[in-house]
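Heads up: the protein sequence lines correspond to chains A and B, in order. Counting in the working numbering, the first sequence tops out at residue 358, every number present. Counting in the working numbering, the second sequence tops out at residue 668, every number present. The beta carbon of each residue, even a glycine, is placed where N, CA and C say it ideally should be.
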Amino acid sequence: MNLIKTLLAGAAVATGLAGAAFAEEKLKVGFIYIGPPGDMGWTYEHDQGRKAIVEALGDKVETTYVENVPESADSERVMTQMALSGHKLIFATSFNYMDHVMNVAKKFPDVKFEHATGFKRADNVSTYSARFYEGRAVIGHIAGHMTKTNTIGYIASYPIPEVIRGINSAYLAAKAVNPEVKFKVVWAYTWFDPGKEADAANALIEQGADVIMQHTDSTAPMSEMKKHEGIIGFGQASDMGQFAPNPRVSSIIDNWAPYYVERTQAMLDGTWESTDTWHGIKEGMVEIGEMTEAIPAEVRASAQELADKLASGEVHAFTGPINKQDGSAWLAEGETADDGTLAGMSFYVEGIEAEIPN
Amino acid sequence: MDLSSISPVTLIVSLMAASTPILLAALGELIVEKSGVLNLGVEGMMIIGAVCGFIAAVTTGSPWLGFLFGAICGAAVSMIFAVLTQYLMANQVATGLGLTMFGLGLASLLGHSYTGINPPLFSQIHIPVLSDLPVVGRIVFGHDPMIYFSLALTFAIWYFLTRTRGGLVLRAVGESHDAAHALGYKVIRIRMLAIAFGGACAGLGGAYLSLVRVPQWAEGMTAGAGWIALAIVVFASWKPGRAIIGAYLFGGVTVLQLNLQAAGLAISPAYLSMTPYLATIIVLVIMASDKKRQSLNAPASLGKTFFAST
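See the structure below:
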């Protein structure tokens, strides 16, 4: 039986925490999701990560999740409830949970929190994110080659650094291969609203965009693209492979599973520490989904080469010379952006004609 | 900013498609409220219609059967509300809210294995010559059949409420259920039928969402459309013709603000998003401002429990 193992693992946790009373209990791991696991996008991948924990660590852990948790005081209630019911590790998987995570973490110093895409940390709060912008650079490269109208539509969610960074990265990569390219950005002000996301895609297509990128969580924009001829798009957060080979020609996949398993294992071993993780293509947290036949072979090859170079560190998605939108210099020739600036990015690069709403 | 990139014709076409689910749901709720019942479960009935319609369409391969099944299921869940409020005298507000939550949960359960599937295509009609006319062709003749159905339904409801005996009886029940009862009308039975009709319309609206507008099934995909439908009924001051205006205003503002953004106009989407709700509040203020405007008011028995003493 695994009883001995469980006891040992439990004891390891207990030494760092509250004493032998917990020794026989499984480690309870909680997740709060912004949308439903069935969104086939962002939340789906987090739920895959949760399942990976169950698979890897089996009966040493017990996972719980609460879906459709708004980024408001509601999330505090959910996390408090989790902490009170014995969860020792809680993953909060959306940016605006940030301050609520900090509040709850203060009240429960024994509970460890993992906050996705945030930047506030404490002794019991870690942050983790993926370098989505590396993936954005690869699909931007493909988009720049593929657009015939030189207009790329971008369905954005909220004007936060993560989203702005993605727009900049995709734009720079598209511009590098197609100087004529223009970006049209629509802010949906939602992470998940299939009807609105479809309307946004439709609005962009009507205004001449033939390549659509999305930074929202549902597959609705894909369905909308499918209704029109000659429009392509990219899976976001998840592969969205059911729309391949057309309109989905490739995708950015967030693979959280290895990180989730590693962090949960650290809890079991008693080695958990507050950290800041930002992994990219190299570590496998960002994956590029299969590029379909709809992309010409030479573009597929050059996109793969770009992905490989981003992984090896030979190329950085933000390499100078780059000016800010207002024309002021940001990066000099050959200079690359530092993580601090990227993490707090709140400006467009030169060439993007839209304005960031405030 | 380049406003010329917004084509008015395509804007109107996509506005109509975006508004049809809320129009259908609002028309159903309008009949329900005209009979004196306040059913806040529109969102729940819509999402049940969305998931059931989707499942039926995927299983049978026919979008028409999807719509039919969506409407039937919408009506079926509305019967829970009907029995609770009409026979067991439950509070309508609480029961309606309960129906919404129940519907959202049940829909997630039913739709669990249907995420990521593409439904059979429901195409726009194409009438030779007419649909190819410039401007008029696309606005008048270039839609899918459900949009024409929603417009026909609006007219039919207007005709029913204002020109038929049945409509008069329905309104009498909504204005004063005691008087209607004294005249020998079956208040409960009429209200049951009205609630079923409301459920069917909400279900149809939901099915339109999952089969035409998005088209796919995703949990929570109605995303508040049912609540907007409720606001439209008030905005329309319980008149079907105004419900069209309300629905197209609500749907139109969403589409317009996305289009304006795509065209690069730097106006905060928040302002446009709040306009329909502001308009609703203004309508409410106008209604309350003057006794002479009583015809604009809500049915007098709206939300009151009817108990036949004799």
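Handout entry: C-beta neighbour in chain B for Val66(A), strict 8 Å
Key = no
Handout entry: Own chain, CB closer than 6 Å to Ala83(A), minus 5 neighbours either side, in chain order
Key = Phe108, Val111
Practice task
Whole angstroms is fine: what's the gap from Trp191(A)'s alpha carbon to Asp217(A)'s?
Solution key: 6 Å
Handout entry: C-beta neighbour in chain B for Tyr259(A), strict 8 Å
Key = no
Problem - Arg77(A) versus Asn68(A) - alpha carbon distance - result: 13 Å
Exercise for the section: Determine, using beta carbons only, whether Ala294(A) comes closer than 8 Å to chain B. Expected result: no
Problem - Reduced DSSP secondary structure (H/G/I, E/B, other) of Ile167(A) - result: helix
Handout entry: Own chain, CB closer than 6 Å to Phe243(A), minus 5 neighbours either side, in chain order
Key = Met222
Problem - Start and end residues, beta strand (DSSP E) containing Glu362(A) - result: No answer is possible for residue 362(A): the residues shown for chain A start at 1 and end at 358.
Problem - Ile640(B) (DSSP reduced to helix, strand or coil) - result: helix
Problem - Presumed contact (8 Å Cβ cut-off) between Gly411(B) and Ala565(B), rounded CB distance - result: 3 Å
Problem - Distance between Leu398(B) and Gly461(B) (C-alpha atoms, nearest Å) - result: 12 Å
Practice task
May I ask you to verify whether the region 164-184 of chain A touches the region 591-603 of chain B, counting CB pairs closer than 8 Å and requiring at least 3?
Solution key: no
Problem - Per-residue DSSP class, three states only, for Gln207(A) - result: coil
Handout entry: Own chain partners of Val261(A) with C-beta closer than 6 Å, once the 5 adjacent residues on each side are dropped
Key = Ala52, Ile53, Ala56
Practice task
Look up His215(A) in the DSSP assignment and say whether it is helix, strand or coil.
Solution key: coil
Exercise for the section: Verify the CB distance criterion: does Asp239(A) have a CB-CB separation below 8 Å to chain B? Expected result: no
Exercise for the section: State the start and end residues of the unbroken alpha helix (DSSP H) segment that holds Gln236(A). Expected result: No alpha helix (DSSP H) contains Gln236(A), which is instead part of the beta strand (DSSP E) from 232-237.
Exercise for the section: Return no unless some Cβ of chain A is closer than 8 Å to the Cβ of His470(B). Expected result: yes
Handout entry: CA-to-CA distance, Val498(B) to Gly563(B), given in whole angstroms
Key = 21 Å
Problem - Completely contained alpha helix (DSSP H) runs for the region 28-98 of chain A, where each covers 4 or more residues - result: 42-57, 73-84
Practice task
Would you please verify whether the beta carbon of Pro627(B) is less than 8 Å from any beta carbon of chain A?
Solution key: yes
Handout entry: Any chain A beta carbon closer than 8 Å to Glu391(B)
Key = no
Exercise for the section: Using three-state DSSP, classify Thr319(A) as helix, strand or coil. Expected result: strand
Practice task
Give the residues of chain B in contact with Pro70(A), contact being defined as C-beta atoms less than 7 Å apart.
Solution key: Correct list: empty, because the minimum Cβ distance to chain B is about 12 Å.
Exercise for the section: Please state if the CB of His141(A) and the CB of Val177(A) are separated by a distance shorter than 8 Å. Expected result: yes
Problem - Counterpart residues of Leu331(A) in DSSP-defined beta bridges - result: Ile322(A)
Handout entry: Positions along the region 570-599 of chain B whose CB lies within less than 9 Å of some CB in chain A
Key = Arg571, Val572, Pro573, Gln574, Trp575, Ala576, Glu577, Gly578, Met579, Thr580, Ala581, Gly582, Ala583
Handout entry: Cross-chain neighbours of Ala376(B) in chain A, by beta carbon under 8 Å
Key = Gly195, Asp199
Exercise for the section: List the residues of chain A that Val613(B) touches, going by C-beta distances under 7 Å, in chain order. Expected result: Asp199, Ala203
Handout entry: Amino acids of chain B, ordered along the chain, whose beta-carbon sits closer than 8 Å to that of Lys324(A)
Key = Neighbours of Lys324(A) on chain B: none; closest Cβ ~17 Å, over 8 Å.
Handout entry: Any chain B beta carbon closer than 8 Å to Pro36(A)
Key = yes
Practice task
Check whether the region 144-153 of chain A touches the region 200-212 of chain A, taking contact to mean three or more Cβ pairs, one atom from each stretch, closer than 8 Å.
Solution key: yes
Practice task
Taking only beta carbons into account, state which residues of the region 450-478 of chain B come closer than 8 Å to chain A, listed in chain order.
Solution key: Ser466, Gly469, His470, Thr473, Gly474, Ile475, Asn476
Practice task
List the residues of chain A whose Cβ lies closer than 7 Å to the Cβ of Leu616(B), in chain order.
Solution key: Val186, Asp199, Ala200, Ala203
Handout entry: Given Pro634(B) as reference, the closest of Val591(B), Pro598(B), Gln619(B) once Cα atoms are compared
Key = Val591(B)
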